[in-house]
Every structure is written in C-alpha cells, then in structure tokens.
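Chemist:
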Amino acid sequence: MKGRTVLFADDREIQIAQLAGRIGQLALANRVRVAVAESLTAGRIAQALGAAQESATWFAGGVVAYQRETQYRLLGVSRGPVISAECSEQMARGVLDTVGADVSVSVTGVGGPGPEEGERSGTVFISVSSHCGVRTVRNQFPGSQSEVLGLTTVHALRHLKNLLLES
C-alpha cells in the first residue's frame, strides 16, 4: 500500500509540473504576467510556477498570506471570515494590483484535520482573476491534509490554465 501512495504522490508532482509548464507556454504566447495569492497552500503554487521554463519572463510572483492579518493588509481582504468565496475573490483581485500582473489565481480553505470557521476539512475556494473579472469555485476535497493540499494545487493550476486558454 505504501508503494501506491508514493507512486500517487509522484504522479501528482508530475501533473503539477506539466500544468505549470503549460501555463508558462500560454502566458508567453498571450504576453501576460501571472501572479498567485496563497493561504492554504503556503507557496506550493508559486513554487510550481517558479520552476517552470522561462518563469522569470511571465511569473510576476505572489503573496503567501497564511495569516489573516496578512490577507487583510497586503491583499485588501475585508475583515471577517477568510474561508469563503468572497475572501478568495478579494485575494485574487488584490494580488493583481499588489504584484502588477494580468492574471492571478488564489486559494483559501481548510486543510484539516478539523473544521475551521464552520467549514469542514477539505473545503477550498479557488479564484482566478483578470482585469475582466473574477471567477470562483468551491471544492470539497477528500483525504489527509497532504492530499487536500496536493489536490488544491492541481485544481488551482487547472483553473489558471483554463483562464489563459480563454485569453
């Protein structure tokens, strides 16, 4: 059983690298700068994008706002619950201005093991934003904290890739 878990984790890392590479290709082709705002994932999305080819050309950077006060101060999030669609949207819009990017992705949620702010473990909000608007998806991911973080990273990158495909 442990061999399967390791293989699954390796497969997820390959998937993350492939998504980040494709995002880089699309960002270069569309001449856009990409930014991230992360709470739950604590920099995993930025790490994946920064490792992609030519990332210095298209990856503007991001904000890891793990604490509420950081979300409020750096990203313009309204005081109140941070595990919500509203917070995720404000993070996505806020990082566009903070970093000076054209498109962004943000994530906030509950990794576990227990609930927070009345939301179950695995509840994740992912937003993608451009200067044309913001779109948010609520997810309920199963599994351990590690699995929730991995799924959040994959899904956030997929949403970002899809936004770039629409450009």
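FYI, our numbering numbers position 47 of the sequence shown as 46, with every residue one higher than the one before it. Note that the Cβ used here is the ideal one computed from N, Cα and C, for glycine as well. Since the structure is predicted, the reported quantities are computational estimates derived from the model, not experimental observations.
1. Report yes or no: do three or more beta-carbon pairs, one from the stretch 95-110 and one from the stretch 59-76, lie closer than 8 Å?
2. Does Arg134 come out as helix, strand or coil in the three-state DSSP assignment?
3. Report all residues from its chain with a CB closer than 8 Å to the CB of Ser87; omit the five preceding and five following residues, and keep chain order.
4. Tell me whether Gly132 is buried or exposed, calling it buried when 16 or more other Cβ atoms sit within 10 Å of its Cβ.
5. Which partner residues does Ala36 have in the DSSP bridge list?
6. Would you report the Cα separation of Thr40 and Leu164, rounded to the nearest angstrom?
7. For Glu118, which residues does DSSP report across the bridge?
8. Keeping to the same chain, check which residues put their C-beta closer than 7 Å to that of Gly42; ignore five residues upstream and five downstream.
Modeler: Based on what the coordinates show:
1. In short, these stretches touch, since the Cβ pair count reaches three.
2. Strand, per DSSP.
3. When the five nearest sequence neighbours on each side are left out, the beta carbons in the same chain lying within less than 8 Å of the beta carbon of Ser87 are those of Ser105, Val106, Thr107, Phe124, Ile125, Ser126 and Thr135, in order along the chain.
4. When all chains shown are included, Gly132 counts as exposed.
5. Answer by DSSP bridge pairing, in chain order: Val62 and Ser105.
6. C-alpha of Thr40 to C-alpha of Leu164: approximately 24 Å in a straight line.
7. According to DSSP, Glu118 shares a beta bridge with Glu115.
8. Around Gly42: Val63.
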